[in-house]
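> One gets this note's numbering by counting positions in the sequence shown from 1 and adding 11 to each.
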Amino acid sequence: MSATQCDILVIGTSIDSHVNAVRELLPTEMQVAHLAVDRFPKESSLSVHYKEGSYPVLEFDDGGTRWDISAPRVAWFRRLGAPGLADSLDEKYRAFALGEAEQLIDGVCRLARPNSWVNEYSKTREADNKLVQLHLARQCGLLTPETLITNDLESARTWISAEDGPVLAKSIHSPLIAGHGDANREWAFSHVLTALEGLQLLGLEHAPAQLQQFVPKAYELRVTTVGDRHFVARIDTSRGSSDEDWRRGEHEVSATTALPHHVGSALNRLLFQLGLRFAASDFIVTPNGDYIFLEANPHGAWLWIERQVPQYDVSAAIAALLSAEIDRR
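1) With DSSP collapsed to three states, give me the class of Arg105.
2) Tell me, please, which residues DSSP counts as bridged to His202.
3) Take Asp247 as the anchor and find which of Thr267, Asp239, Ala112, Val237 has the nearest alpha-carbon.
4) Report yes or no: do three or more beta-carbon pairs, one from the segment 36-51 and one from the segment 70-88, lie closer than 8 Å?
5) With 16 other CB atoms within 10 Å as the buried threshold, where does Val143 fall?
6) Which word fits Ser166, buried or exposed, when buried means at least 16 other C-beta atoms lie within 10 angstroms of its C-beta?
7) Assign Arg105 to buried or exposed, taking buried as 16 or more other Cβ atoms, counted over all protein chains shown, within 10 Å of its Cβ.
8) Go ahead and label Lys181 buried or exposed: buried means 16 or more other beta carbons lie within 10 angstroms of its beta carbon, across all protein chains shown.
9) Taking the continuous beta strand (DSSP E) assigned at Glu231, which residues delimit it?
10) Three Cβ pairs or more, each shorter than 8 Å: is that satisfied between the segment 224-237 and the segment 170-184?
11) To which residues does DSSP link Val68 through a beta bridge?
12) Would you please state the rounded distance, in angstroms, between the beta carbons of Val296 and Leu232? I believe it to be under 8 Å.
13) Quick one: what's got a C-beta closer than 6 Å to Lys134's C-beta in the same chain, skipping five residues either side?
14) Name the residue from Asp117, Lys141, Ala138, Ala218 whose alpha carbon lies nearest to the alpha carbon of Ser163.
15) Suppose the cutoff is 7 Å on Cβ atoms and the five residues either side in sequence are ignored; what does the same chain contact list for Arg77 look like?
16) Please report the straight-line C-alpha distance between Gln42 and Ala82, rounded to a whole angstrom.
17) My output table needs one value for Asp18: the three-state DSSP class, helix, strand or coil.
18) Taking just the CA atoms, how far does Gly275 sit from Leu305?
19) Measuring CB to CB, does Ala244 end up less than 8 Å from Ile303?
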């Protein structure tokens, strides 16, 4: 049985509503293969054929169609997720099977040769590192908070004592600390260290953390970049804990027009350096009008803003970008 050539290869998960939102806006005649990593290998299959004198042939069977994903016209790398293992698999083999599945997914993503990427897989894996981002952001002309990332208790205490003002504790990878995949999740959102926490820094020796100068804010911005377009949303937080991290409290979102030219140009330079054509970047705007860069997420969400601000049409912009990449090839 011959495999079907695809116009667009989507790499993501089956539960990501952002993928569905974009797919609904694509022309119906486009052949779209959705490599949902959370359904592999339980409900789908991947094969890599090595033949003498030719590049490997990559095939993906989603349970309904067998796709040739060796050279799609466009590949959209939305995000990875945990592979989906069969419930019947013996527990003692699960770690082994998980590692094998992850290795195959990673290899396929690296071997695929689309005409263009949004975002390129290997570059995105490197760009999704806050340490790299902060270094490059400063080089590109963006303002960032004073920061220490460490698991050394003495270094942390010395740095905190030298700071003139409050200090935030933040994760460097993911704020989800327990309850992966279930309803009883625990989060480590950004928060200002109390005097006692600053002395004890409990758990730092087990997991490194990001300590950051607390920046007073007038409001925050979520800037979602698609190609050369910046969609700017203003986030106003209510009083209380959400002043430290808007994700943990009530907030209002509204659309703004544009970034100041110097900030937009610096952000463009950063995303170019990171090799990203899509990113969701967070900024603090201080009472003095300074724009402070926090991070750029290559896998950021946007539907929560579209629901509140209809003109924040990121889904349509991504669909248009994917379609344009096909049309110009």
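Backbone N, C-alpha and C fix where the C-beta goes; we use that ideal spot for every residue, glycine too. It should be emphasised that the depicted structure is a prediction, and the values quoted were computed from it without experimental measurement.
Reading off the structure:
1) Numbered from its first residue, the sequence shown carries residue 105 at position 94. Correct three-state label for Arg105: helix.
2) Within the sequence shown, numbered from 1, the residue matching residue 202 stands at position 191. His202 pairs with Ala180.
3) Residue numbering aside, residue 247 sits at position 236 when the sequence shown is read from its first letter. If we check each option's Cα against that of Asp247, Thr267 comes out closest.
4) yes
5) Along the sequence shown, one-based indexing puts residue 143 at 132. It counts as exposed.
6) Indexing the sequence shown from 1 puts residue 166 at position 155. Exposed.
7) Counting from 1 along the sequence shown, the entry for residue 105 is found at position 94. With fewer than 16 Cβ atoms within 10 Å of its Cβ, Arg105 is classed as exposed.
8) By one-based count along the sequence shown, residue 181 stands at place 170. Buried, since its Cβ has 16 or more Cβ neighbours within 10 Å.
9) Here residue 231 refers to the residue found at position 220 when the sequence shown is read from its first residue. That run of the beta strand (DSSP E) goes 230-237.
10) yes
11) Against the sequence shown, residue 68 aligns to sequence position 57. Partner(s): His60.
12) Here residue 296 refers to the residue found at position 285 when the sequence shown is read from its first residue. Here residue 232 refers to the residue found at position 221 when the sequence shown is read from its first residue. Right, the Cβ-Cβ distance comes to about 6 Å (below 8 Å), so this counts as a contact.
13) Working through the sequence shown from its first residue, we reach residue 134 at position 123. Counting only Cβ-Cβ distances below 6 Å, and skipping sequence neighbours, we find Gly286.
14) In the sequence shown, the residue the question calls residue 163 occupies position 152. Correcting the residue type first, residue 163 is Asp in the shown sequence and not Ser. Of all alpha-carbon atoms in Asp117, Lys141, Ala138, Ala218, the one lying nearest the alpha-carbon of Asp163 is that of Ala218.
15) Counting from one through the sequence shown, the residue named residue 77 turns up at place 66. For Arg77, where only same-chain residues beyond five positions count, the Cβ hits under 7 Å are Met12, Ala14, Thr15, Glu70.
16) In the sequence shown, residue 42 corresponds to position 31, counting from 1. In the sequence shown, residue 82 corresponds to position 71, counting from 1. Cα to Cα, the separation comes out at about 13 Å.
17) Walking along the sequence shown from the start, residue 18 turns up at place 7. Coil.
18) As a working mapping, residue 305 is identified with position 294 in the sequence shown. As a working mapping, residue 275 is identified with position 264 in the sequence shown. Roughly 14 Å between the two C-alpha positions.
19) Here residue 244 corresponds to residue number 233 of the sequence shown, with the count starting at 1. Here residue 303 corresponds to residue number 292 of the sequence shown, with the count starting at 1. Going by C-beta atoms, Ala244 is not nearer than 8 Å to Ile303.
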